[in-house]
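Top to bottom, those sequences are chains A and B.
The first sequence begins at 18 in my numbering and counts up by one.
The second sequence begins at -17 in my numbering and counts up by one.
Just so it is clear, CB atoms sit at the ideal spot from N, CA and C, and this is done for glycine as well.
One structure is given below, encoded as structure tokens.
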Amino acid sequence: MRLKVNIEKKLTRFNLKVHFEMEQENISILGPSGSGKSVTLKCIAGIEKPDRGRIVLNDRVLFDSERGINIPPEQRRVGYLFQNYALFPHMTVTENIGIALPPHANAKARMAELIEIFQLDGLEDSYPKRLSGGEQQRVALARMLAANPEIVLLDEPFSALDGILREQMQLRLPCLLGDNNYLMVTHDMDEAYRLSEKIMVMNSGCMLAFDTREKVFDAPPDLMTARLLGLRNYSEATRVRENVIMVPKWGCYLECGGKERVSHVGIRPQHILMSESPEVNSFGCEVVQVLEDRFSATLFFRLLNQAKEILLQAVVDKARWEQIRKASQSLYACFPPEKLLIF
Amino acid sequence: MAMAFDLSPLWISLKTTLVSTVMVFFLGIGVAQWVMSLSPRAKNVLDALFTFPMILPPTVLGFFLLLLLGNSSPLGQLLKALDLKVIFSWAATVISGSVVAFPLMYRTARGAFEQIDRSVIDVARTLGLSRPKIFTKILLPLSLPGLMAGTILSFSRTLGEFGATLMIAGNIPKKTQTIPLAIFFAVEGGDMKTALIWVALIMLLSLLSMVLQSLWSSRSQSIASGRS
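So this is what it looks like as structure tokens:
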């Protein structure tokens, strides 16, 4: 499977501009709602028409504004899983799948196969309304594969499922889709990380980053991307000399390798260490507020030497939080140099 | 009432109403589909145009139809050249009946199509279904309750049509005299007994169409929502 997309489209609030290629891999598009993720999928499927550009799927030109090509969706062989699954409400499970099967002699065998793969046996004659969310999603997936797509587009596939069911489907989805590669849209970072090799970050119609999931999360190209990817602690910073930067708002100097110019520094809440003994980049701190979860706690703390009231966040596990709370010793927040994100 | 009661208005009314309803059914659905595929601007203009007959008084509508089909208009000239006499013929009752009922069918059909979840149509296209197949297998069944309601409304409206019919079809017994016309002219001639018979009949027909509607609507609801 090879997909090349290079499109532009004027939307009411911004211009969508997307340019990427994918080959034999699964990709997630991450971004806040209304960032143009779904429109990108719809352009690939042919439901929406880009203003300019080119879309090529496995050497078939699906769209080319210069040559006036715009293949209608029914001929694109692009599978699309809608957020609400969009099952045909007046058809049974079998009818929903059957209508997508190409008229072949072995259509019956294929139907039986799909029913088995997606564990829909016993539900063949049920109408969508009677099905649970997970069953509806399996019917929609089976129906999509019945049409033999060359690529699969998933639009927020798990947003309508809750808790355990969501995890189960996340586990099973790659297996259910078999050899089909997918391009998924989501605003859930864990979902994107779990289910794709590469991640694209979008905001207001622009691609901010597109790389392997590790690179995108560990070394985001700019502050905007890092913030979209959950960076909570960030501030302006300047390099004062080799290996040292100054962060005025946090009121501290941080040890940080390299000598290139710096405009901002950031660190993820999960990377800040809370300890009783000072190490490198450690500063006395005071916990101001706490959000307790079942297995972890988010500490909102203030550096003691800092003039302004700026709260930083650190996430520690529950046991550690209990220790910190009981100990009367002074507490240090440590910013490990290798975990600092520099922009 | 020595001579047999003249039943011709009943047959004329039924014939006119049936033919008009069938025509309006297909025309309303077709035009609704066409208008929905247009740009928002064209949609608004045409929507107003097609709704206009609904808000005009039937006599005014009849007056315009008379102008349009009369000998002095280009269309009237063409009809004359083809040796087709439309004004004051039975066909005129069908025309007036259709024109007054068309907006009802058009609007309910459009409403019925528009309430269908957009993603259901989109997904059908990505699954490779052709447009005719999407129309017959998905659009029609899902909009059935609305289409049925529109048909019954059109039927009732045509059955009761008086003003426009009188203007372009006149009141020619055994030819263009429908039940509403028969009622009016019976009352005008002081024949209350005949008028009453027709009133009773038309009430019966209207009641029947109401019963039919409620039967159909629950049936078509269950088809559209998959409860059958």
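Nearest neighbour of residue i, chosen from the options [CA to CA]
i       : options                           : result
P(-9)/B : M130/B, P162/B and M192/B         : P162/B
E112/A  : M39/A, Y199/A, R93/A and A163/A   : A163/A
A73/B   : T90/B, L51/B, R89/B and L86/B     : L51/B
I165/B  : F144/B, V1/B, A131/B and K156/B   : F144/B
L74/A   : Q41/A, L98/A, N123/A and S50/A    : Q41/A
M18/B   : L(-11)/B, P40/B and R92/B         : R92/B
M185/B  : L57/B, L141/B and D29/B           : L141/B
R368/A  : G283/A, F37/A and P166/A          : Residue numbering for chain A in the displayed model covers 18 to 360; residue 368/A lies beyond these limits and cannot be assessed.
S202/B  : L126/B, G171/B and L178/B         : L126/B
G128/B  : W(-7)/B, F7/B and I(-6)/B         : F7/B
E133/A  : R258/A, Y270/A and L158/A         : L158/A
S54/B   : I69/B, V42/B and S207/B           : I69/B
M39/A   : N123/A, P353/A and F227/A         : F227/A
P191/A  : F175/A, R183/A, L212/A and M206/A : L212/A
T220/A  : G115/A, L240/A, L20/A and R19/A   : Rather than Thr, the amino acid found at residue 220/A in this sequence is Asn. When each option's Cα is compared against that of N220/A, the closest is L240/A.
L329/A  : G268/A, E25/A, M206/A and K26/A   : G268/A
T315/A  : M217/A, V304/A and E152/A         : V304/A
L20/A   : V95/A, M224/A and T29/A           : V95/A
S280/A  : A254/A, F300/A and A344/A         : A254/A
F105/A  : A124/A, L148/A, S294/A and E214/A : L148/A
Extent of the continuous alpha helix (DSSP H) run through residue i
i      : result
D207/A : M206 to L212
L58/A  : K54 to A62
E170/B : I161 to E170
Q15/B  : S(-10) to M18
F45/B  : P40 to L51
T147/B : G145 to A151
S204/B : M174 to S207
R19/A  : Segment R19 to K27 is the beta strand (DSSP E) holding R19/A; no alpha helix (DSSP H) there.
R256/A : That residue, R256/A, is in no alpha helix (DSSP H); its beta strand (DSSP E) goes T255 to R258.
K215/A : It is not in any alpha helix (DSSP H) - K215/A instead sits in the beta strand (DSSP E) that spans K215 to N220.
I37/B  : P22 to I37
L47/A  : Where L47/A is concerned, there is no enclosing alpha helix (DSSP H), although the beta strand (DSSP E) it sits in stretches over I44 to L47.
T242/A : L240 to L245
Enclosing beta strand (DSSP E) for residue i [first to last residue]
i      : result
F80/A  : R77 to D81
F227/A : C223 to T229
I284/A : H281 to I284
F37/A  : N32 to E40
T203/A : Y199 to T203
L271/A : C269 to E272
I262/A : V261 to V264
Beta-carbon gap between residue i and residue j smaller than 9 Å
i      : j      : result
D179/A : G139/A : no
P237/A : L358/A : yes
N43/A  : N198/A : yes
H107/A : P39/B  : no
L47/A  : H204/A : yes
V169/A : L200/A : yes
T33/B  : Y88/B  : yes
S313/A : G283/A : no
V202/A : L246/A : no
Q154/A : M186/A : yes
A331/A : M291/A : yes
Y102/A : V156/A : yes
V307/A : E272/A : no
R77/A  : I88/A  : yes
E355/A : G274/A : yes
L98/A  : M161/A : yes
G53/A  : L33/A  : yes
L248/A : C302/A : no
L111/B : I116/A : yes
T109/A : E141/A : yes
The ligand FMN heavy atom lying under 8 Å from the CB of residue i
i     : result
D68/A : In the structure on display, the ligand FMN does not appear, and there are no ligands present to speak of.
If you scan the segment 72 to 126 of chain A from start to end, which runs of the alpha helix (DSSP H) of 4 or more residues do you find wholly inside it?
-> Considered as a whole, the segment 72 to 126 of chain A harbours 110 to 115 as its complete alpha helix (DSSP H) runs of no fewer than 4 residues, in chain order.
Counting Cβ pairs closer than 8 Å, one from the segment 110 to 122 of chain B and one from the segment 149 to 156 of chain B, do we hit at least three?
-> These segments do not touch.
Minimum length 3: unbroken beta strand (DSSP E) runs contained in the segment 128 to 194 of chain A = When DSSP assignments are scanned along the segment 128 to 194 of chain A, the uninterrupted stretches of beta strand (DSSP E) that are 3 or more residues long and fall wholly within it turn out to be 168 to 172.
Which ranges does the alpha helix (DSSP H) cover as unbroken runs of at least 4 residues, wholly within the segment 64 to 138 of chain B, from first to last along the chain?
-> Complete alpha helix (DSSP H) runs here, min 4: 72 to 96, 100 to 108 and 113 to 116.
If you scan the segment 281 to 355 of chain A from start to end, which runs of the alpha helix (DSSP H) of 4 or more residues do you find wholly inside it?
-> List check, alpha helix (DSSP H) in window: 335 to 343.
Should the segment 189 to 196 of chain B be regarded as contacting the segment 122 to 135 of chain B, the criterion being three or more beta carbon pairs within less than 8 Å?
-> The segment 189 to 196 of chain B makes contact with the segment 122 to 135 of chain B; the number of CB pairs closer than 8 Å reaches 3 or more.
For the segment 100 to 108 of chain B and the segment 74 to 82 of chain B, state whether three or more C-beta atom pairs, one from each stretch, are separated by less than 8 Å.
-> Contact between the segment 100 to 108 of chain B and the segment 74 to 82 of chain B is absent, because fewer than three Cβ pairs lie under 8 Å.
So does the segment 215 to 233 of chain A actually touch the segment 72 to 87 of chain A, counting three or more Cβ pairs closer than 8 Å?
-> Proximity of the segment 215 to 233 of chain A to the segment 72 to 87 of chain A falls short of the contact definition, fewer than three beta-carbon pairs being nearer than 8 Å.
For the segment 253 to 261 of chain A and the segment 333 to 341 of chain A, state whether three or more C-beta atom pairs, one from each stretch, are separated by less than 8 Å.
-> The answer is no - the segment 333 to 341 of chain A does not touch the segment 253 to 261 of chain A, with fewer than three Cβ pairs under 8 Å.
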